[in-house]
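Here the protein sequences come in this chain order: A and B.
The first sequence lines up with residues 40 to 500 when you count with our numbering.
The second sequence lines up with residues 40 to 500 when you count with our numbering.
Yeah, the Cβ is synthetic: ideal placement off N, Cα and C, and Gly gets one too.
Owing to the predicted nature of the structure, the values given are computational and were not obtained by experimental measurement.
Protein chains: 2
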Amino acid sequence: MAGERRSLIVVSNRGPVSYDRDAAGARVERRGGGGLVTALRGLVAHHDVTWIASAITEEDRRVAAEGGAGGVVLVAHDQSAYDGYYNTVANPLLWFAQHSLWPHESAPELDVATHRAWSEGYVRVNENFAAAVLAQLDQNPAATVFFHDYHLYLAPALVRAARPDAMLAHFVHIPWPGDWSVLPEAWRRAVHEGLLANDVVAFHTERWARSFRRSCDDVLGQGARPRVTHHPISIDVSEFEALAMSDEVCAHEAEIAAGRGEKLIVRVDRVDPAKNVVRGFHAFGLFLELHEEWRGRVSMLALLDPSRETIPQYAAYREAIAAAASAVNERFATDEWLPVDLRIADDFLQSVAAYKQYDVLLVNAVYDGMNLVAKEAPLVNARDGVLVLSENAGAYAELGEWAVGVNPFDLLGQAEALHEALSMPEAERARRARHLKAHVRANDVARWLRGMLADLDAAAA
Amino acid sequence: MAGERRSLIVVSNRGPVSYDRDAAGARVERRGGGGLVTALRGLVAHHDVTWIASAITEEDRRVAAEGGAGGVVLVAHDQSAYDGYYNTVANPLLWFAQHSLWPHESAPELDVATHRAWSEGYVRVNENFAAAVLAQLDQNPAATVFFHDYHLYLAPALVRAARPDAMLAHFVHIPWPGDWSVLPEAWRRAVHEGLLANDVVAFHTERWARSFRRSCDDVLGQGARPRVTHHPISIDVSEFEALAMSDEVCAHEAEIAAGRGEKLIVRVDRVDPAKNVVRGFHAFGLFLELHEEWRGRVSMLALLDPSRETIPQYAAYREAIAAAASAVNERFATDEWLPVDLRIADDFLQSVAAYKQYDVLLVNAVYDGMNLVAKEAPLVNARDGVLVLSENAGAYAELGEWAVGVNPFDLLGQAEALHEALSMPEAERARRARHLKAHVRANDVARWLRGMLADLDAAAA
């Protein structure tokens, strides 16, 4: 039953905590960020959870050598294996494939280093995770194993081979593409067979789940045998509302409010090609070109969190972002008006402050498994702001009817969507904002968790 | 019945003839090239065919003004409409989308010019074609209309609206991708609704047909109602064998034979990013790096036909091809040995000569609807040459079991496939070569035509 206390082994690359040493050499614990950790906090509160994750820092490796701490098992991988696993296979190879970002004309080129990163990196790290899971199952054979995301596609089959009766579930947090031919046949078979070793495979939306069923058929010549479901992840509403009212966020908000003009367009993203930041600036430039009446009256505040900076594609994209922002400013800025205010920094509280202040929120992702910004921001926005939302974000399936939908490749469409959002009559803005808030409140992360747990019960039955 | 004489209206952008004026000002007729025109010649021989195509040259426009000639109706479009239709929408927008070539991070960007090319180019030219079809149907109401390819997705619905009872078929000669989100919703709906207005929609392979059924479901929320079939196009075997024995081809062959070394790898393609020429050179370089024993003994002869040179992506790709070939030569060439012999020219007879001389034929297309090189070349090859074939070429479904299959993105895999092909024991090479020839002989273009005509009969019944 979904309400009962359960024994769970959660497996994800990043864990809920990471360790460092302070200046005095004492161990300090940092709470992990990211939507996944937040979403799973509800699990830890109500169930018996052991969390298996990679040791990332040097101090993590010491904790791992000590056997973990407080319900968290850290797995220390060989450094070069982890590098190939993380920086070559998971990002960019799988991430780019699943967000359809590879320019197939020229990339990827799976060279000798890529093959080595697969066989001596991705495969090895998955083996390490599987071994750690099996060790936990030895202690607690009835526990359910809950794998997360694209780092761990191979582990479920390894666990299944050793524990035919174990209960295994996998949540894929990113899009599932229709075509996997960017991976050699043996690799794409391993990915699909790994996932099919689970009892439940889940995605955020019906679109990605349907795509998975089809690719099982294409790659393996068979339909998916596990339960394939979809549950849209969400946020902890009361916690998020409290955060938005905190002194720190209010201080940031005062700064933004003091600097803003008549209308404010906000975007909040990681620096990632999947987020479509460059096209967003191009679209804003086109909007200013086509709608002169808005010049001097509206600015775009782009708050971007640096991400995966050791990966060349990400470094190049950060430069392209800066260049695109500058181009708009060079063309349109005046002494009194800066069209694009680009801030690249890890400052989540500033982002929450901007959520409260936007008139238009731009979420134009090329592809996105869900996109939690589209849920967080409307929940706490105080200006009946309008959500402009990519049809390729998972959130569109839930929120599209109250958003202004955009095609992420359609520059003119995005420019006109900004105009439509800025020009929308107040009553209509209020109506949509009300629906967005109500939907997020009624579909919070607890509901996502209940859905997943009910799937496990159904699979076990 | 498939054997009966039929009345057909064939509709394609390029027609079977084009007109020019010679130095004396007299009209001269040039026979169109390309697989489609060749494939459909059998139709013209056995049935009553009116062929509707675009007027391309100035002289074509004069012929159009005179009402056509010899069963060919030429449609003269407004020049700027044709430019938007051909150079922006058909190529590159649709071609790149259907061959999965767009680097979604940065392109396409559907700007004002793209929107205009759609509404004032692609839509208009399709209207012109529909009007020309309706004029023919006025004269011959019982004729079957046979549309071809990605230039004409909108025309069938326009014809259907005016002639609910007409018999309409459409053959799509290029891949059908799983995801159409690169087109704004209204455009992708129009593409799918246009095709669904036919009685029969056909592709080369089951893979593309299945993908079409799925995208109808995704884009329109309904399955395909017409008959969706697949028939692999092929070549005129006896004509092609005769061509291979012609004096001109034999002269070219003597030149190639005189210049060749111990082993010869051949590739023959249009200059097109879909053909994967650059990765082919990279893979050949990697092969020479990994297998030193082949240096000095094997060359790659790349015969490339210039294509779509007014389109920036094609000009850039031609430069990337030249650079990649040079890089291999700079690294490995000696006074006695040129590893890559790159020839960019429109010289089909030279290509046929090379077909006879290869030890390995490399067809590594990123995606390809069919790829007729993979059928033409093994038919006339005289050295029990080995076919190295991309799993993403339509031809792979028929020929894969006798080829060395490659993943087009897998550089190491392609390098090792070249090694495997060059090292294959003679008896195995001969066995595979025999099967390839037998398959092409037994599955020639006449069989493709019979299949299409049988579909029309089944749809009519």
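Judged by their CB atoms, R70/B and Y58/B are not nearer to each other than the 8 angstroms cut-off. Taken in chain order, the complete beta strand (DSSP E) segments of 3 or more residues contained in the stretch 217 to 278 of chain B are 239 to 242 and 266 to 269.
For the beta strand (DSSP E) assignment, the uninterrupted runs of no fewer than 3 residues enclosed by the stretch 327 to 390 of chain A are, from N- to C-terminal side, 337 to 344 and 379 to 383. Taking a beta-carbon distance threshold of 8 angstroms, V288/A does not count as an interface residue toward chain B. Here the C-alpha atom of G260/B lies approximately 31 angstroms from the C-alpha atom of E224/A. Taking the Cα positions, V76/B is about 6 angstroms away from P55/B. Closer than 8 angstroms to the CB of R66/B there is not a single CB belonging to chain A. Identification of chain B residues near G452/A by a Cβ-Cβ cut-off of 9 angstroms yields L149, H154 and P223, ordered along the chain. Any Cβ of chain A closer than 8 angstroms to the Cβ of F371/B would place that residue at the interface, and such an atom is absent. Pairing I213/B with T127/B, the inter-Cα distance amounts to about 17 angstroms. DSSP, read as helix, strand or coil, puts I295/A in helix. The three-state reading of DSSP puts M409/B in coil, since its state is none of H, G, I, E or B. For H143/B, a Cβ of chain A is located within less than 8 angstroms of the residue's own Cβ.
Along the stretch 398 to 431 of chain B, going in chain order, the ones with a CB nearer than 8 angstroms to a CB of chain A are V405, Y406, E430 and N431. Within the stretch 205 to 220 of chain B, P216, G217, D218 and S220 place their CB atoms closer than 8 angstroms to a CB of chain A, listed in sequence order.
Look at F186/A here: in three-state DSSP terms it is strand.
Listed along chain B, no residue sits closer than 8 angstroms to S51/A by beta-carbon distance, the nearest being about 26 angstroms off. Among the CB atoms of chain B, none fall inside 8 angstroms of the CB of V83/A. For L149/B, the secondary structure class from DSSP, reduced to helix, strand or coil, is coil. Remark: C-beta atoms of A236/B and A196/B approach each other more closely than 8 angstroms.
Inter-residue distance for R228/A and N165/A is about 15 angstroms (C-alpha atoms, whole angstroms). With a threshold of 8 angstroms between beta carbons, H321/A makes contact with chain B. DSSP lists H187/B and A241/B as the beta-bridge partner residues of F210/B.
The beta carbon of F371/A sits closer than 7 angstroms to those of L327, R334 and P378, all from its chain and outside the five residues before and after it, given in chain order. At a cut-off of 8 angstroms between C-beta atoms, S119/B does not count as an interface residue with respect to chain A.
Taken atom to atom, the span from the alpha-carbon of V239/A to that of A208/A is near 5 angstroms. Not a single CB atom of chain B sits nearer than 8 angstroms to the CB of S57/A. It is roughly 31 angstroms from the alpha-carbon of L79/B to the alpha-carbon of V445/B. Below 8 angstroms, too few C-beta pairs join the stretch 355 to 364 of chain A and the stretch 477 to 489 of chain A to call them touching: fewer than three. Pairwise C-beta distances place the stretch 167 to 178 of chain B out of contact with the stretch 131 to 143 of chain B, as fewer than three of them are shorter than 8 angstroms. Judged by DSSP in its simplified three-state form, T127/B adopts helix.
With a threshold of 16 other beta carbon atoms within 10 Å, M284/A falls short and is exposed. Between A205/A and the set Y189/A, V184/A and A194/A, the nearest pair of CA atoms involves V184/A. Straight across, the Cα-Cα distance linking A384/A with E97/B is about 59 angstroms. Against F448/A, the close residues of chain B are W141, H143, A146, P147, E148, L149, S220, V221, L222 and P223, in the order they occur along the chain (beta-carbon pairs closer than 9 angstroms). For the C-beta of P312/A, the chain B residues within less than 7 angstroms are, from N- to C-terminus, E144.
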